[in-house]
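Chains Y and S are the protein sequences, given in the same order.
When the letters of the first sequence are read in order and numbered with my numbering, they come out as residues 524 to 967.
When the letters of the second sequence are read in order and numbered with my numbering, they come out as residues 1347 to 1539.
For every residue, glycine included, the Cβ atom is placed at its ideal position computed from N, Cα and C.
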Amino acid sequence: MSDRKKIEWLLGELPALKEKGILNPESADSLHKYYQAIMPPKTNFQQLVILFFGILSATLIGGGIILIIACNWDDIPRHIRAGMAFLPLLLAAGFGIYTLQKDKSAAWRESAAILTALTSAAAISLISQTYQLGGTLKDFLFVWMLLFFLLIYIFNSTGTFLIYAFALTVWNFNRWDMFGSNESCRDIYFFALFLALPLWWLVINFRKAPYGLKSSLLCWIITIFVLLNSIPLMQPCYEFQTKTYWALILAVVFLVGALRRSGGAGFWGNPLLAAGAVGITIYSAIATFSSFWNDHDSYYYRGNTIYNEYCGWAIIAILAVAWLRLLFKRWRNEAELIPALFPALLLIPMAVMPAAGAYVFNLYLLLGGIFFMRYGFKKFDLFKINAGMFLLSLLLFLRFVDSDLDILLRGCLFILLGVMFLVVNIIAAKKFRKAEKMQKEAGI
Amino acid sequence: MNYKIMKIILFVIVIAAMLAVPAFMIRKGEEVLNKGRIYIFKAAPVDPYDYFRGRYVNIRIEKNYVPVSPDTPLDFKSNEAVYATIVNDKDGLAYFDSISRTVPENGDYVKVNFSYQDKNKAYLLIPFNQFFMNEKLAPEAERVVREALLKRKDSCVIKLRVHNDTAVIEDLLINNMPVKKYILSLQKSGDKK
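So, in structure tokens, the structure goes:
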């Protein structure tokens, strides 16, 4: 339930509470006034459409300018071409100042910020090609991101943040150096700096409306960003460091999602929970194979031990602290505890007895499946029942893949699994309806 | 101070920085083109399309390595930034002579990245590898450059200007003629190769 819906519900309850004498009229009025004042505005879809087309038009205009400029006007003298590179940026600057001065709407702000960011990229690119200066995409993105990140703050622009996240991801993949050179080690500090630059803006927006439309959109961008950027981040590390990192990051993502859900975020406003849960399930499934536990202390490239020894451990330590803190916060929620404990289940066998790891994870999926089915029946939650059945089926499926069973037998077992899903769902739905009816009759 | 005015001032500062970066690039480019020494490198071609930077002919310097002694492995990490000195051979063609971590005291040099050592050659990752052209002429340029290099009947060289540690490609020459002029002369004579 969103903040607005919650407040609307509370305001709807106030007259009844006043009538029953639970609240005195003064308190009810004070509560009404207070919540009326802090209630987030209703999402205006007309405004949303205008905002969307504002962003789209700014992106198209910016892209068009880049394409026109990319034409290499050979016949125009070099100095004039160099001068032309500044024109789009100056126009965008004028547009931006007008938008700020007149305190224009979100669509104007988004358009001005995106246009300024794109035209600044166009100016650098045009000069670079006019003077045949060469250079790499990585260096270009580095300078560009430093130049335009402040636009996110000045215009409070989600579109510019999206461009920033995209540019940083491309930069990070370009930074990825499979030999682990000194440059790639140095760049990890720059990556940390780039991560920090828009952080305050994110904090402001999440504080303002934690479960609003903007926060939901930002959650989607952050989820995709975190998962994508984890790939180059841990590439030059030891294999066991990479495995530990993925276990921790997935658990952290899941727990942050769980926190958001308990705060009132809906499914679409909370991709973190889904990404974490799906990631942990896939990772656990992979860990049920014994091959996962072999050679886990090897590392991909021995180019630079500084990265492996220090950066890798520093990243893991930060994540471990975040994981423990979140775990402490969500300790009492038993349904979240099973996926949240996943890094510990991975780390203990990895450190003590890798040969037992595959057995631990087979047991983990089995017990997890049984737990969720039991929990779902207890709490009348069909989703949890199906999640439990899915885990059990996944485990059975993986062991079929691993075994030398006859194809006919495998087919029969899959049909059996399908029937089991169907029957359990029918029984559960009937049971829940009956319980609901009894509750109604009892007047609960 | 008014919050709105503060935002406008901050925006003006950002715009000033955005203008300063290309202005600095122009200054650097002009300096190299006016003061830089010319070096001629033998070329090798490929041609991708860069959305942000228009059409260009991707060129590769044929001798993208430094001759080294096969007995002494170099102490450079892959992708490490190094300074490569440039000298001319007896035919007037340029090549990279040596690499070091520090700025060389004598001669012209460029900043490149070390790639790997293969026996007596230390290969380099050279950043000046794109020659931007009109998007209509670039595919044609790529074709004539490739033909010149594969058939080896024409010469194809890169004219590079070097000043301090910066290099810019001044032109791509086919039979000592700028590639654009060469293509236009082919089109004029109707003898499209």
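Against chain Y, which members of the stretch 1358-1380 of chain S pass a CB distance test of less than 7 Å? Only V1360, I1361, A1363, M1364, L1365, V1367, P1368, M1371, I1372, G1375 from the stretch 1358-1380 of chain S bring a Cβ to less than 7 Å from some Cβ of chain Y.
Residues of chain S with CB closer than 9 Å to the CB of F609(Y), please, in chain order. L1365, P1368, A1369
Is there a Cβ from chain S that is less than 8 Å from the Cβ of F624(Y)? One point to set straight first is that residue 624(Y) is Gln, not Phe, in the sequence displayed. With 8 Å as the cut-off, Q624(Y) counts as an interface residue toward chain S.
Those residues which DSSP pairs with C1502(S) across a bridge: I1520(S)
Within 8 Å (strictly less), CB to CB, does G619(Y) reach chain S? yes
Whose Cβ in chain Y lies nearer than 8 Å to the Cβ of P1473(S)? G657, G658, T659
D1393(S) at chain Y interface by Cβ criterion, 8 Å: With a pLDDT of 48 at D1393(S), under the threshold of 50, the modelled position of that residue is not reliable, and the figure given next carries that caveat. No - not a single Cβ of chain Y is within 8 Å of the one on D1393(S).
Here's a check: name, in chain order, each residue in its chain whose Cβ is nearer than 6 Å to the Cβ of L1471(S), leaving out the five neighbours to either side. Excluding positions up to five away in sequence, the list reads N1459, S1461.
Taking only runs that begin and end inside the stretch 850-927 of chain Y, name each unbroken alpha helix (DSSP H) of 4 or more residues, in chain order. 857-863, 865-875, 880-902, 905-925
Which residues, taken in chain order from the stretch 724-745 of chain Y, show a beta carbon closer than 8 Å to some beta carbon of chain B? In the structure shown, chain B cannot be found, because the protein chains are Y and S.
Within 10 Å of its beta-carbon, does I1520(S) have 16 or more other beta-carbons around it, so buried, or fewer, so exposed? buried
Determine, for I1445(S), whether the minimum Cβ-Cβ distance to residues of chain Y falls below 8 Å. No, I1445(S) does not count as interfacial toward chain Y.
Just how far apart, CA to CA, sit Y822(Y) and V776(Y)? With a pLDDT of 49 at Y822(Y), under the threshold of 50, the modelled position of that residue is not reliable, and no figure is offered here.
Quick check: A636(Y) and F576(Y), are their CB atoms within less than 8 Å of each other? no
In angstroms, rounded to a whole number, what distance separates the CA positions of L750(Y) and N695(Y)? 12 Å
What's the C-alpha gap between K661(Y) and F671(Y)? Looking at the two C-alpha atoms, the distance is approximately 16 Å.
What does V666(Y) touch in chain S if you count any residue whose Cβ is under 7 Å from its own? Going along chain S in sequence order, the residues near V666(Y) (Cβ under 7 Å) are V1367.
Do V1503(S) and F1422(S) have their CB atoms nearer than 8 Å? No, they are not a contact pair.
Spell out a yes or no on whether the stretch 1504-1511 of chain S and the stretch 1372-1380 of chain S are touching, meaning 3 or more CB-CB pairs, one atom from each, closer than 8 Å. yes
Starting from H1509(S), follow its DSSP beta bridges and name the residues at the other end. T1512(S)
List in chain order: all unbroken beta strand (DSSP E) runs of 3+ residues lying wholly within the stretch 1412-1489 of chain S. 1427-1434, 1440-1446, 1454-1464, 1467-1471, 1476-1478
Buried or exposed: C742(Y), going by 16 or more other Cβ atoms within 10 Å of its Cβ? buried
What residues in its chain sit with their C-beta under 7 Å from that of N728(Y), if we drop five residues either side in the sequence? K737, S738, L741
Outcome for Q655(Y) when other beta-carbon atoms lying within 10 angstroms are tallied against a minimum of 16: With 16 or more other Cβ atoms from the protein chains shown falling within 10 Å of its own Cβ, Q655(Y) counts as buried.
Can you tell me where the alpha helix (DSSP H) with K960(Y) in it begins and where it stops? 930-964
Simplified DSSP assignment, three categories, for Y734(Y): Coil, per DSSP.
Output the distance between the C-alpha atoms of I1355(S) and A1487(S), rounded to the nearest integer angstrom. 47 Å
Less than 8 Å between the beta carbons of F1442(S) and A1430(S), yes or no? yes
In the DSSP assignment, find the unbroken alpha helix (DSSP H) run with Q655(Y) in it and report its ends. Careful: Q655(Y) lies outside any alpha helix (DSSP H) and carries neither H nor E.
In or out: V779(Y) buried (at least 16 other Cβ within 10 Å) or exposed? buried
If I measure Cβ to Cβ from A608(Y) and keep anything under 6 Å in the same chain, skipping five residues before and after, which residues do I get? A646, L649, I650
Is the stretch 856-867 of chain Y close to the stretch 793-806 of chain Y, with three or more CB pairs under 8 Å? yes
Checking 8 Å against the spacing of the C-beta atoms, do L638(Y) and A688(Y) come in under that value? no
What residues from chain Y crowd round V1540(S), counting only those whose CB sits closer than 7 Å? Nothing in the structure corresponds to residue 1540(S), since chain S is present only between 1347 and 1539.
Are the stretch 896-909 of chain Y and the stretch 868-881 of chain Y touching by the rule of at least three beta carbon pairs closer than 8 Å? no
Just the Cα atoms here: how many angstroms apart are T681(Y) and V666(Y)? 20 Å
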